[in-house]
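Before any comments, here is the structure.
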Amino acid sequence: MIIRQPDGTSCGPTCLAVARGLTDPAYAERLAAHTGDLIAAEHPLLASYRSPTGGLQAPWPRALGTSPWALRAALQGLTGRAYATILLPSDPVAAFARVAAVAGTPEPAALYVGGRLLPRHVALVLGGDGHRLSVYEPAVGARLVLTAADVARDPRVAGWSRWWLLLSPARR
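Using the numbering used here, the letters of the sequence shown map in sequence onto residues 50 to 221.
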């Protein structure tokens, strides 16, 4: 199933829709048939001043897409697990190693990437074994497999070279 983000600021809602589809087969069927509608339904949830759990959340410029705290709250609500926000090292290979070290959980994690100054895009980490990462990239609607050697050659995810932060299920 190819689920591609419909516009330049919907990577977060698209990742959330794919994560929801991984946990709910009926939703996955609806997502395949009505991709744009279901992603559009996730967008207000993530852009609201209220978190998906009902609390207030800090403002975030809409032009930057989905705030990390809104996506973290949505993933927590979806999986029932607490999520940690992990700031990643600026070195791409070190960032890969940090993500790979925590990517073995059955729940998805969200990887924020961007440019030198700030995060601009979200991809979904679907798993890993310490040496490889399986990453859903919503800009192309595909699952990628990344290794440390790949990242050393070219760290870009959707054209963004700086790995900023990871929203990962907290360790039990």
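We put the beta carbon where it would ideally sit given N, CA and C, even for glycine. Note that the structure is a prediction, hence the values are computed from the model and not measured.
- When the five nearest sequence neighbours on each side are left out, the beta carbons in the same chain lying within less than 6 Å of the beta carbon of residue 210 are those of 204, in order along the chain.
- Only residues of its own chain outside the window of five on either side were considered, and among them 172, 193, 206 and 207 have a CB closer than 7 Å to the CB of residue 186, listed in chain order.
- Beta bridge pairing from DSSP links residue 194 with 183.
- The Cβ atoms of residue 156 and residue 196 lie no closer than 8 Å to each other.
- For residue 68, same chain residues with a beta-carbon under 7 Å away, outside a window of 5 residues either side, are 124, 127, 157 and 173 in chain order.
- Annotated as distal: residue 219 and residue 177, with beta-carbon spacing of 8 Å or more.
- For residue 121, the uninterrupted alpha helix (DSSP H) segment begins and ends at 117-128.
- Between residue 115 and residue 58, the alpha-carbon positions lie close to 7 Å from each other.
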